[in-house]
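Worksheet for the structure shown next.
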Amino acid sequence: MVTGKTVENVAVKLIQLAVTELPQDVKEALHKAYNEETNKIGKAQLKAILDNVNLAEKTCAPMCQDTGVIIFHVKAGSKVDGLDNVETALRNAAVRATKEIPLRPNAVNPFTQKNTGNNTGRFIPYIHWEIVVGETLEITVMPKGGGSENVSALAMLSPNQGISGFKKFVIDTVIKAGAKPCPPTVLGVAVGGGAEIAMNLAKAALLKPLNQPNPNPELAKLEQELREAANSTGIGPMGLGGKTTVLAVKIDYAHRHPASYPVAVVVQCWAARRATARIYSDGTIEYLTHKVA
Amino acid sequence: MAVYRLSTPISEEIVRKLQVNDKVYLSGTIVTARDAGHRRALRFHNEGRQLPINLDGLAVFHCGPLMRQENKSWRVVAAGPTTSSRMEPFEDQFIKLFKIRMIIGKGGMGKKAVNAMKKYGAVYGAFTGGAAVLAAKAIKRVKGVEWSDLGMPEAMWILEVEDFGPLTVAIDTHGNNLFEIIQTKVDKTKEQIYKKLGIK
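Sequence lines, in order, name chains A and B.
The numbering of the first sequence is the numbering used here, which starts it at 1 and goes up by one.
The numbering of the second sequence is the numbering used here, which starts it at 1001 and goes up by one.
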């Protein structure tokens, strides 16, 4: 039996871990970018980013004032008892985290422009559900910032444009975004399915560790090709020039309708925040993305 | 690439000395304003009302900070810059009417703002996006908050800063725009990148 209280406590902890401490793979990617940067201004930006990441971790403060819109991914074991408690528990966690960490209130009614003040609202926090075999409950939180979300894009290409159109749209999205999404960014890219399927896959692709190449060798090659192409633009850290514009490209796909070729690009700022925990049937909790004492 | 330590109020004379790529560390009073703050300030002006604070010579910070209230006083938790291009529709009027000398943000601004900076004497200082804890460290005191009905991110926070920076001068009073210089270079690489990727 998974109690609402357990889920709430774990979710508050996950939000806190996500907003104050980057996963190791993201930190490593930023360090690598800093070491390789030769542009003076670009290097200074990466230095500020790394100093900021360190300071945030040490002082347990959110690394960015935009603590994002809270998105949960729940992998629910079909045998887990108490799943009906999870949604309320996650909403409660968002309210508590807003006060305790704190988080910036980021849930605004799009018609009245009123901020609810506690990071909950209609469909917020957003919860993605996946039913899996087993008895464990896995929760991932992704606090998603607005600046990078704003340059994310969807193209409904003609299948005639194919891979060539796909590559062009990804590169054009990076160039058009320029300095806006706080580069170096991570690109979640997905093709196929339909408009929302591609978008969902692209966003979920951002949850994959940056140092893990795509298990599909063809896609791994394409990810590298697009990353190198994006980095040869010279946009650089914060769009002030330099070698690293994109830390990683993560590609996913779904089969497409014969008439459609949807391509989704979701852009993630350098603060690629995520945290995952597993709650086992005996009540044990394991944190997968962060070291928890 | 000179380094300047400036204090508010900044004079027009000093601001006109700054060049793109210079670094600035700023001390004194700055105010935050995002889209809603800009709109309200301009509405106040149109209605002939006084702003809560005289902005002459101050810096406006494009920032929606994360604040915490402790014993009735506010503490800055995290306060990095937000994307400045959202303020592009209002910034030229803002510079002209309120005589701010520095805009702090990320991502740069467009033609209208660049022209106003040239004409009325203001610069754009880029602060590293997301470096919110570093920024908070340089903010020594929250002097006040106005228009809090707009919500925490959109309210006008009046802040006292010490050596806030480094701010990279990315737009100067001579019409130079570092972001545009980079973008022009980027556009030139486009055809080569297409070719390399086999894009038809």
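The C-beta atom is built at its ideal place from N, Cα and C for all residues, glycine as well.
Asked	Found
Using a beta-carbon distance cut-off of less than 8 Å, what residues from the region 97-110 of chain A approach chain B?	P102, L103, R104, P105, N106, V108
Taking the C-alpha atoms as reference points, what is the distance between H1038/B and E1088/B?	10 Å
Does the CB of I41/A have a neighbour CB from chain B at under 9 Å?	yes
Count the other CB atoms within 10 Å of the CB of T233/A; is the residue buried (16 or more) or exposed (fewer)?	buried
Can the beta-carbon of G1105/B be found closer than 9 Å to that of C269/A?	no
Using a Cβ-Cβ distance cut-off of 9 Å, determine whether T1029/B contacts chain A.	no
With a cut-off of 9 Å, does the C-beta of A155/A fall near any C-beta of chain B?	no
How big is the Cα-Cα spacing for A248/A and D172/A?	16 Å
Apply the 10 Å Cβ neighbour rule to M199/A and answer buried if 16 or more other Cβ atoms are within range, or exposed otherwise.	buried
Could you give the first and the last residue of the continuous alpha helix (DSSP H) run that contains K1111/B?	1111-1120
Under 9 Å, Cβ to Cβ, is there at least one residue of chain A near A1170/B?	yes
Since F1061/B meets chain A, which of its residues come closer than 8 Å, beta carbon to beta carbon?	Here the premise fails: no neighbours, minimum Cβ distance about 11 Å.
Does K1106/B come within less than 9 Å of chain A when only Cβ atoms are used?	yes
Can you tell which of K1190/B, T1189/B, H1062/B, T1008/B has its C-alpha closest to the C-alpha of A1079/B?	H1062/B
Helix, strand or coil for S78/A? Go by DSSP, reduced to three states.	coil
Between the region 1031-1046 of chain B and the region 1182-1199 of chain B, do at least 3 Cβ pairs fall closer than 8 Å?	no
The region 58-77 of chain A: which residues have C-beta closer than 8 Å to a C-beta of chain B, in chain order?	T59, A61, P62, M63, C64, Q65, D66, T67
For a test of the three-state rule: what should DSSP assign to I101/A, helix, strand or coil?	coil
Alpha carbon to alpha carbon, how far is R274/A from Y1120/B?	44 Å
Are the Cβ atoms of C1084/B and M1109/B separated by less than 9 Å?	Looking at the sequence provided, one finds Ser at residue 1084/B rather than Cys. Yes, Cβ-Cβ distance for S1084/B and M1109/B is below 9 Å.
Against chain A, with Cβ distances strictly below 9 Å, would L1026/B count as a contact?	no
Can you give me the C-alpha to C-alpha distance between E196/A and T289/A, rounded to a whole angstrom?	27 Å
Where do the ends of the beta strand (DSSP E) carrying V1069/B lie?	Checking the sequence shown, residue 1069/B turns out to be Gln, not Val. Here the beta strand (DSSP E) through Q1069/B covers 1066-1070.
Please identify, using Cβ separations under 9 Å, the residues of the region 21-52 of chain A that lie next to chain B, in order along the chain.	K40, I41, A44, Q45, L46, K47, A48, I49, D51, N52
Compare the C-beta of L226/A with all C-beta atoms of chain B and state if any pair is closer than 9 Å.	yes
To be precise: take each residue of the region 246-273 of chain A, compare its Cβ to all Cβ atoms of chain B, and keep it if any distance is under 8 Å. Which residues remain?	C269, W270, A271
How would you list, in chain order, the residues of chain A whose beta-carbon sits under 8 Å from the beta-carbon of R1068/B?	P102
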